[in-house]
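Position one of the sequence shown corresponds to residue 386 (the working numbering), numbered consecutively onward. A virtual CB, placed ideally from N, CA and C, is assigned to each residue, including glycine. Reading through the structure tokens given below for one structure.
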Amino acid sequence: MIIANISTPLLGMVDTAMVGHLSAAHYLGAVAIGSMIFTFVFWGFGFLRMATTGLTSQAYGENSTAKMQAVLMQSIWLALIIALLLLLLQMPIRAMALHLVDSSGDVEHFAAIYFDIRIWSAPATLINYAILGWLIGREASKAALLMVLVINITNILLDGLFVMGLGMDVDGVALASVIAEYTGLIMGLVLLNHYGLSKSGIRLSLSKKVLQQSQHGLTVHGNVMIRTFLLISCFALFTTQGARQGDTVLAANSVLLNFITLMAFVLDGFANATEALTGKAIGRKSPSMLRKALSLTAFWSVLMAALFSLTYLLLGEWIIRLLTGIDAVIDYADIHLIWVIIAPLIAVWSYLLDGLFVGATRSREMRNTMLFSALCCYLPAFYLLQPFGNHGLWAALLIFLAARGLSQSLYIGGIMRLADPN
């Protein structure tokens, strides 16, 4: 899953590089705004992946095919309902999002074009979340890897074809994403047939077992949804504030956020492993298995975070120039590079503990720690540090990441006790 996760931020870097070398900063700003909107809209429903993984891994640990079937079907039906609502409400969503961002006219125009195309990927994207969560939960990591790679490689190839080959701009980037998501959905359904129908008796139809499992599953989904929307809201506020400081600041922050995204997805690969192993250990009531899983993933997560900080220190300026050729954006990004050098060592703990919480399906605790971190730490820092400009914005973001890890650590003991057979 680490390899699969690396491909996702690399896709974002390809998107940035494609438009970052066009003639003006507003193309890069438009993709940044458009991507931010869909990060909020789609990743906001990332609970479909996370909750599905936690519930599936525990059912897998219990060796309960019926529970696994219920979890998968509940998530797929929920994904379809949400996608339909997004398509029906796409016009007011676009209008509200662009109004809140308050960017320049050029950026808003191209961001609207991006939105109008990308929104049609909603059904495929959300169902893919559910399928990936189920595959990770039942430890079918190779299948999950294949599915993610199909999506991202297709997207990268189409980016090159549409933007560099056919001369498209933000519309080409958006169209590539839509086609890639539906390609991934086809692959996901093939994988479900292989891993589900042939091995676990999954039937893509409503059943009594689905209804029996729905109450607990919906509670988990709801809490993780609140947590995820708060997380994405903090990053959306970051992007919005950058947009208000001008197209150059918006574009520079967009470039630097690619560093954060790459780090986050790699660390999330270790979190995915923690999720599956935690759920399996709790399902089997094995404290030793849980301790071993946490200690092993913690070691590799911290090591990887240190490597990221070192890499950004040594190669950060070169990576910035790889992503954009606009001199003003390069200069501004160089000034703020220090923040992404520090970020991995601060953020690693929150990503690691996310995996522990998801695997244990401690959704209420996930929600509460995010409420504390966002409302009691990030928002005060965000407003108090505004006199320091973009440096204050980055400092507030790192305070938020630190608060997440610290607040989550208070619940480790309680989660470890869930694997106690007594």
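Whether residue i touches residue j by CB criterion (8 Å)
{"i": "Ser686", "j": "Tyr736", "result": "yes"}
{"i": "Val563", "j": "Ser506", "result": "yes"}
{"i": "Ala661", "j": "Ile521", "result": "yes"}
{"i": "Cys761", "j": "Ile784", "result": "no"}
{"i": "Phe425", "j": "Ile726", "result": "no"}
{"i": "Ala636", "j": "Val548", "result": "no"}
{"i": "Ile800", "j": "Leu741", "result": "yes"}
{"i": "Gly790", "j": "Leu730", "result": "no"}
{"i": "Ile418", "j": "Ala496", "result": "yes"}
{"i": "Met532", "j": "Leu576", "result": "yes"}
{"i": "Phe430", "j": "Tyr514", "result": "yes"}
{"i": "Ala415", "j": "Val555", "result": "yes"}
{"i": "Ala561", "j": "Tyr499", "result": "no"}
C-alpha distance - residue i paired with residue j, whole-angstrom precision
{"i": "Tyr445", "j": "Gly664", "result": "8 Å"}
{"i": "Ile611", "j": "Arg752", "result": "6 Å"}
{"i": "Asn638", "j": "Ala728", "result": "14 Å"}
{"i": "Glu566", "j": "Gly545", "result": "17 Å"}
{"i": "Val605", "j": "Leu433", "result": "10 Å"}
{"i": "Ala759", "j": "Leu782", "result": "10 Å"}
{"i": "Leu570", "j": "Phe773", "result": "45 Å"}
{"i": "Met674", "j": "Ala666", "result": "6 Å"}
{"i": "Ile723", "j": "Gln626", "result": "19 Å"}
{"i": "Ser583", "j": "Ala658", "result": "Any reading at Ser583 needs caution, since the residue's pLDDT is 44, under 50, leaving its predicted position unreliable; the model's value is listed next. Rounded to whole angstroms, Ser583 to Ala658 spans 24 Å at the Cα level."}
{"i": "Phe655", "j": "Ala683", "result": "8 Å"}
{"i": "Leu679", "j": "Trp734", "result": "12 Å"}
{"i": "Ala509", "j": "Asn608", "result": "23 Å"}
{"i": "Leu504", "j": "Ile536", "result": "Here residue 504 is Ile; the residue named in the question, Leu, does not match the sequence. For Ile504 and Ile536, the distance between alpha carbons rounds to 16 Å."}
{"i": "Trp462", "j": "Phe614", "result": "20 Å"}
{"i": "Tyr580", "j": "Gly518", "result": "13 Å"}
{"i": "Ala649", "j": "Ser526", "result": "19 Å"}
{"i": "Arg523", "j": "Met453", "result": "9 Å"}
{"i": "Asp653", "j": "Ile797", "result": "18 Å"}
{"i": "Asn540", "j": "Leu530", "result": "15 Å"}
{"i": "Tyr717", "j": "Thr633", "result": "8 Å"}
{"i": "Asp502", "j": "Gly573", "result": "Here residue 502 is Ile; the residue named in the question, Asp, does not match the sequence. Each residue's Cα considered, the two are about 22 Å apart."}
{"i": "Leu534", "j": "Ala528", "result": "10 Å"}
{"i": "Val492", "j": "Met435", "result": "33 Å"}
{"i": "Asp712", "j": "Asp719", "result": "11 Å"}
Simplified DSSP assignment, three categories, for residue i
{"i": "Lys670", "result": "coil"}
{"i": "Gln630", "result": "coil"}
{"i": "Pro806", "result": "coil"}
{"i": "Arg523", "result": "coil"}
{"i": "Thr746", "result": "coil"}
{"i": "Met648", "result": "helix"}
{"i": "Gly654", "result": "helix"}
{"i": "Val555", "result": "helix"}
{"i": "Leu770", "result": "coil"}
{"i": "Ala732", "result": "helix"}
{"i": "Thr709", "result": "coil"}
{"i": "Gly799", "result": "helix"}
{"i": "Gly550", "result": "helix"}
{"i": "Gly429", "result": "coil"}
First and last residue of the uninterrupted alpha helix (DSSP H) at residue i
{"i": "Val349", "result": "Any question about residue 349 goes unanswered here, given that the chain covers just 386 to 807."}
{"i": "Arg434", "result": "432-446"}
{"i": "Thr450", "result": "450-473"}
{"i": "Gln793", "result": "774-794"}
{"i": "Ser758", "result": "No alpha helix (DSSP H) holds Ser758; DSSP gives it neither H nor E."}
{"i": "Tyr717", "result": "712-720"}
For the stretch 434-443 and the stretch 742-750, state whether three or more C-beta atom pairs, one from each stretch, are separated by less than 8 Å.
Taking 8 Å as the limit for Cβ pairs, the verdict is that the stretch 742-750 does touch the stretch 434-443.
Do the stretch 696-713 and the stretch 618-628 touch if we need at least three Cβ pairs shorter than 8 Å?
Too few Cβ pairs lie closer than 8 Å, so no.
At least 3 beta-carbon pairs within less than 8 Å: the stretch 766-780 vs the stretch 465-484
At 8 Å Cβ cutoff, the stretches do not touch.
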